[in-house]
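A.B. asks: Numbering (the numbering used here), first residue to last: 207 to 355. Where a beta carbon is used, it is the ideal one built from N, C-alpha and C, also for glycine.
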Amino acid sequence: MPLLILVILVGAILLIPKTAEGFVRGQAVTLQVESIEDFGCVLRSDAARAWNEMKSDAAAEGVTLTPKGPNSAFRTHEQQETMLAERPDYAAQVDHSPHQAGIAVDVDLTKSRALDWLLTNGPDYGWHPLSSSGAKKEPWHFEFLGAPT
Ligand SMILES: [Zn+2]
């Protein structure tokens, strides 16, 4: 295959948006998702971009923002089922978790100053310390509510 065609094909593949099957308040939706790098996690594209910008700005101040693990950002239906089975006190009902909408991150609060930094600066990036799902209040759970205007 001529090199030019190969380059064009690879470029086209990289430009195709990644999608994931999500749920918003019980309704199945196809989400455009982007990586937030750690643990292979993804989020809805706008939330991912805001997270990545926030993470980079925090890093410039010596603060590490990272999810707790591979199930700490976007979750599939199956992942939420597993989470609910393992942690019925905390996890939201299946297909009603903001994690399935791709707008929530459970943040690793063992990182120095991560919580203080997020509480102070998160809202400037649209990230808020709350749970819209009705699950028990969790200090590590942050949700993207849209960029501030
Ligand atoms: Zn959470």
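Counting along the chain, where does the alpha helix (DSSP H) carrying His283 start and finish?
C.D. replies: 283-292
A.B. asks: Could you tell me whether the Cβ atoms of Pro273 and Asp252 are closer together than 8 Å?
C.D. replies: no
A.B. asks: Mapping DSSP to helix, strand and coil, what is Phe350?
C.D. replies: Strand.
A.B. asks: May I have the straight-line CA-CA distance separating Pro276 from Gly246, to the nearest angstrom?
C.D. replies: 7 Å
A.B. asks: Between the C-alpha atoms of Asp312 and Glu227, what's the straight-line distance to the nearest angstrom?
C.D. replies: For Asp312 and Glu227, the distance between alpha carbons rounds to 20 Å.
A.B. asks: Tell me whether Asp330 sits in a helix, a strand or coil according to DSSP, three-state version.
C.D. replies: Helix, per DSSP.
A.B. asks: In angstroms with no decimal places, state the Cα-to-Cα distance between Val248 and Val213.
C.D. replies: 26 Å
A.B. asks: Here's a check: name, in chain order, each residue in its chain whose Cβ is nearer than 6 Å to the Cβ of Leu321, leaving out the five neighbours to either side.
C.D. replies: Leu315
A.B. asks: Specify, as a first and last residue, the run of the alpha helix (DSSP H) that Lys261 falls within.
C.D. replies: Where Lys261 is concerned, the enclosing alpha helix (DSSP H) stretches over 251-266.
A.B. asks: May I ask you to report which of helix, strand or coil DSSP gives Ala298?
C.D. replies: coil
A.B. asks: When you compare the CB positions of Arg281 and Gln306, do they come within less than 8 Å of one another, or not?
C.D. replies: yes
A.B. asks: Taking 7 Å as the cut-off, does the CB of Glu292 come closer than this to any heavy atom belonging to ligand 1?
C.D. replies: no
A.B. asks: Going by the DSSP bridge assignment, what does Phe229 pair with across the sheet?
C.D. replies: Ala234
A.B. asks: Hey, is Asp263 close to ligand 2, as in C-beta under 7 Å from one of its heavy atoms?
C.D. replies: Ligand 2 is not part of this structure, which contains only ligand 1.
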